[in-house]
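Here is the structure we will look at.
There are 2 protein chains.
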Amino acid sequence: MGKQVTLKNIADALGVSTMTVSRALNDRSNVDKKTKEKIIQKAKIMGYTPNRVAKSLVSRKTQTIGVVIPEITHAFFPEVVRGIEEVTYRSDYQLILTNANEQFEREQHAVNTLRSQQVDGILISSSQTVEDYTFYREIVNSNTHLVFFDRCIQGIGASCVHVNDRESSELITRHLIEKHQYKKIAHLSGPREVTIGRERYMGYQEALEKSNLTENREWIVEAGFKEEGGYQAMKKILELPQSDQPRAIVCVNDPVAFGAMEAIKEAGRKIPDDFAITGFSDEIRAPLVEVPLTTVHQPAYEVGRRAAEKLLKLIDGESEQTEDIEIAATIQIRKSCGC
Amino acid sequence: MGKQVTLKNIADALGVSTMTVSRALNDRSNVDKKTKEKIIQKAKIMGYTPNRVAKSLVSRKTQTIGVVIPEITHAFFPEVVRGIEEVTYRSDYQLILTNANEQFEREQHAVNTLRSQQVDGILISSSQTVEDYTFYREIVNSNTHLVFFDRCIQGIGASCVHVNDRESSELITRHLIEKHQYKKIAHLSGPREVTIGRERYMGYQEALEKSNLTENREWIVEAGFKEEGGYQAMKKILELPQSDQPRAIVCVNDPVAFGAMEAIKEAGRKIPDDFAITGFSDEIRAPLVEVPLTTVHQPAYEVGRRAAEKLLKLIDGESEQTEDIEIAATIQIRKSCGC
DNA sequence: TAGTGAAATGTTATCGTTAACATTCTATCG
DNA sequence: CGATAGAATGTTAACGATAACATTTCACTA
């Protein structure tokens, strides 16, 4: 950015000191009314814009929050961002948004850059798929304010906002078992190292257990979080001899469910007649696809809002506690489960 | 952010000058190999993170780009952001994202804050609905690097990346006229003061003219850019005596079309039998709604990519010209037009 | 062994703003 | 009318990093 008008320029133009100009423009007391007005006038005419970079250097505050999301096209996240925005806008914080593209390496790079930019805090949904938490442990220890949302890393002393994944996953699985009497239920899982992958898998397991159904290894296929992964995972299941195939599919999220639907369609099989299927997220497409998707409705906006609120509290208040905030999701019944 | 390790801390710990530390960590020549290694070691142990704020103050560069979008939930924009991201990530720029929520006031505030944050450039899709361009004229004159995308403000010397709105709008309207023989065609328009609102309206007009159809004032209803607006606008049309009602509706974008569809459904009328309807954007829902929407496919990712590239060129190259970059959209035929 | 030049390191000033302390006004009172 | 408190303004240093210039160190040559 080119040269811009500084306090000193205004001061020189008026024959006063920079300090007086600073005081006038920041509406401090102890400035003569006339002087103040003169300065404000002049500043306007000269087109003065305060330099926040310089201000930040002194104040050690940037009024800036870093947000790292794993995937901007997954409709869930823009909605979360909207929730975050609502809170930060009111408190005059700016958002620096980074998309990690489901790559932990990019995520680390993003976090490092954000820290180096002196953001006042970071909101992150982690793409990490390994169990080595050294990276985040160090971040937290360096007293960087950090709040996880959706995909959390627990046990390192950072707060987290997420929906009750396990419970919801159990509920939707039980719906398949109890309402529809399915016994052969598969799970297209997320990476087990990511909280939501693990939690949703556990919910699925618990539902089976409670109904005394045994888990079939061949029916647990890791699919990642994207459509393509769901497609591939479903193909594997379709390769099983027909008698070994499940009758229902619990998917770790909506994109994976859409991918699986695609594979089912391609194979000439029908939903829900051949396969019942459920998702998780309730993204915008869920009610609109050919067979509307039964899924878990996640209050994304709420997640963003709560996470941002928690972070701002951490930034302001010294004594703010680490917290695990769970937001209740609801089951959204549509046709894909057989209802 | 709490106190962090500075160059000086490292320097003191090792009994050298800050300058040597700076040189070592920035891999400059003229530093003894051993000293350099020692410093790099120490920096790692002490957990040093460079302070970009300080660096920016000296270099007058923040490696940061401001992005202002009118609506983050409109699926078009996240896709644009992805395109921008691709470019900026490679060049090591960070994005500061702001959502103006279709409010010009918020937009101005955002731009001012971004300038004050010393971003190296700004990418913006304007929500402005008034014809007073003083604000942006001043921004451009203050040699802030600025590139518009999608919703542009023209004639003030800023570059712009957008799709061939007028032409595409004309094409889709002509499709209704020539392929389906509709003669009574309405337009749910955007605000006329926004480029895309104006351009798409003009495309619609031109199509009518070329087929010697006269425009009917009652069939031109301003609907804004959102679903709710489309719903309301369509209601107005449905209030007309049935004989005065149009047979086809050209909408300024997809959300407006969805809103209109809702109103049509509520009135117990059928698409495309009672009303043919077209959109503009081809957002994620378009192929999925009850009657799949015939619309204009906008290469959002491409728009983002090109806009970001142009901006980076402006930032780097001194002699970069103002440019109007038009990207070709394509007509996406589905069922809502009667095909 | 003194002299030389390049490499290594150090010092000072600067970016734009503000905190903390210092000085100069000015109005009011005894 | 001088003293004085309080308002108005000014000066200096600092935030952390770096550019520009200054000094020291050291290997090598004449």
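If you're matching them up, the sequences are chains A and B in order.
Residues in the first sequence are numbered consecutively from 731, following this note's numbering.
Residues in the second sequence are numbered consecutively from 731, following this note's numbering.
C-beta atoms are modelled at their ideal positions from N, C-alpha and C, and glycine is treated no differently.
Give every residue of the same chain whose Cβ lies closer than 6 angstroms to the Cβ of residue i, excluding the five residues on either side of it in the sequence, and list them in chain order.
i: methionine 731 of chain A; result: Because the pLDDT of methionine 731 of chain A is 40, which lies under 50, any placement of that residue in the model is unreliable, and the question is left without a value.
i: cysteine 1069 of chain A; result: Ile1063
i: proline 985 of chain A; result: Lys956, Glu957
i: leucine 1044 of chain B; result: His875, Glu1050
i: tyrosine 866 of chain B; result: Ile883, Ile886
i: isoleucine 1014 of chain B; result: Ala805
i: valine 877 of chain B; result: Leu853, Ser889, Ala1037, Lys1040, Leu1041
i: valine 893 of chain B; result: Gln1028, Ile1057, Ala1059
i: valine 761 of chain B; result: Arg753, Ala754
CB-CB under 7 angstroms to residue i, same chain, minus the five flanking residues each way: which ones, in chain order?
i: lysine 913 of chain A; result: Leu943
i: glycine 730 of chain A; result: Look at the range of chain A in this structure, 731 to 1069, and you will see that residue 730 of chain A is not part of it.
i: glutamate 1053 of chain A; result: Ser889, Lys1040
Taking residue i as the query, report the chain A residues whose CB atoms sit under 8 angstroms from its CB, ordered along the chain.
i: leucine 744 of chain B; result: Result: empty, since nearest Cβ-Cβ is about 21 angstroms, beyond 8 angstroms.
i: glutamine 848 of chain B; result: Met731, Asn781, Arg782, Val783
Is residue i helix, strand or coil by DSSP?
i: threonine 748 of chain B; result: helix
i: cysteine 1067 of chain B; result: coil
i: alanine 805 of chain A; result: coil
i: alanine 916 of chain B; result: strand
i: methionine 731 of chain A; result: Only weak support exists for where methionine 731 of chain A lies, its pLDDT of 40 falling under 50; the value from the coordinates is given anyway. Correct three-state label for methionine 731 of chain A: coil.
i: histidine 892 of chain B; result: strand
i: leucine 825 of chain B; result: strand
i: histidine 1027 of chain B; result: strand
i: serine 1011 of chain B; result: strand
i: valine 1021 of chain B; result: coil
i: glutamine 771 of chain B; result: helix
i: serine 765 of chain B; result: Per the sequence presented here, residue 765 of chain B reads as threonine, with serine not at that position. Helix, per DSSP.
i: threonine 1060 of chain A; result: strand
i: isoleucine 967 of chain A; result: helix
i: isoleucine 795 of chain B; result: strand
i: leucine 906 of chain A; result: helix
i: lysine 738 of chain A; result: helix
Mind listing the chain B neighbours of residue i? Cutoff is C-beta to C-beta under 7 angstroms, in chain order.
i: proline 985 of chain A; result: Ordered by position in chain B, no residue passes the 7 angstroms Cβ test against proline 985 of chain A, which lies about 11 angstroms from the chain.
i: serine 855 of chain A; result: In chain order: nothing, as chain B lies at least about 15 angstroms away.
By the criterion of Cβ-Cβ separation under 9 angstroms, what are the contact partners of residue i in chain B?
i: arginine 977 of chain A; result: Those do not exist, as arginine 977 of chain A stays about 26 angstroms from chain B at its closest Cβ, beyond 9 angstroms.
Given that residue i touches chain B, what residues does it touch there, using C-beta distances under 8 angstroms?
i: glycine 777 of chain A; result: Glu868, Ser872
i: threonine 803 of chain A; result: Pro808, Glu809, Arg812
Name, please, each residue of chain A whose Cβ falls closer than 7 angstroms to the Cβ of residue i.
i: isoleucine 740 of chain B; result: Result: empty, since nearest Cβ-Cβ is about 15 angstroms, beyond 7 angstroms.
i: arginine 845 of chain B; result: Thr779
Ignore the nearest five residues each way along the sequence and tell me which others in residue i's own chain have a CB closer than 8 angstroms to its CB.
i: alanine 743 of chain A; result: Lys772, Met776
i: glutamate 908 of chain A; result: Ser941
i: asparagine 979 of chain A; result: The question names asparagine, yet the displayed sequence has isoleucine at residue 979 of chain A. Excluding sequence neighbours, isoleucine 979 of chain A sits near Ile915, Ala916, His917, Leu918, Met964, Ile967, Ala987, Ala990, Phe1005, Ala1006, Ile1007, Thr1008.
i: leucine 970 of chain B; result: Glu948
i: valine 870 of chain B; result: Leu876, Ile886, Gly887, Ala888
i: tyrosine 931 of chain B; result: Ser899, His917, Ser919, Gly920, Arg922, Ile950, Val982
Examine the Cβ distances between the region 800–818 of chain B and the region 761–773 of chain B and report whether three or more of them are shorter than 8 angstroms.
no
Contact between the region 999–1008 of chain B and the region 1051–1060 of chain B is defined here as three or more beta-carbon pairs at a separation below 8 angstroms; is this criterion met?
no
Validate contact between the region 859–873 of chain A and the region 793–808 of chain B using beta carbons, cut 8 angstroms, 3 pairs:
no
Counting only Cβ-Cβ distances shorter than 9 angstroms, please list the residues of the region 747–769 of chain A near chain B, keeping chain order.
none
The region 807–828 of chain A: which residues have C-beta closer than 9 angstroms to a C-beta of chain B, in chain order?
Phe807, Pro808, Glu809, Val811, Arg812, Glu815, Tyr819, Asp822, Gln824, Leu825, Ile826, Leu827, Thr828
Output, in sequence order along the chain, the residues in the region 1013–1025 of chain B whose CB is closer than 7 angstroms to any CB in chain A.
Ile1014, Arg1015, Leu1018, Val1019
Stretch-stretch touch, CB-based, cutoff 8 angstroms, three pairs: the region 826–833 of chain A with the region 816–828 of chain B
yes
Can you find at least 3 beta carbon pairs, one from the region 925–944 of chain B and one from the region 881–901 of chain B, that sit closer than 8 angstroms?
yes
Closer than 9 angstroms, Cβ to Cβ, to anything on chain B: give me those residues from the region 779–796 of chain A, in chain order.
Thr779, Pro780, Asn781, Arg782, Val783, Ala784, Lys785, Ser786, Leu787, Arg790, Lys791, Thr792, Gln793, Thr794, Gly796
Contact between the region 934–942 of chain B and the region 885–902 of chain B: three or more CB pairs below 8 angstroms?
yes
Three Cβ pairs or more, each shorter than 8 angstroms: is that satisfied between the region 844–860 of chain A and the region 776–796 of chain A?
yes
Please identify, using Cβ separations under 8 angstroms, the residues of the region 911–935 of chain B that lie next to chain A, in order along the chain.
none
Of all the residues that make up the region 1031–1054 of chain B, which are near chain A by a beta-carbon distance shorter than 8 angstroms?
none
Got a sec: which bits of the region 872–902 of chain B sit with their beta carbon under 8 angstroms from any beta carbon on chain A, in order along the chain?
Ser872, Asn873, Thr874, His875
Under 8 angstroms, with one C-beta from each stretch per pair, do the region 735–752 of chain A and the region 776–785 of chain A reach the 3-pair mark?
yes
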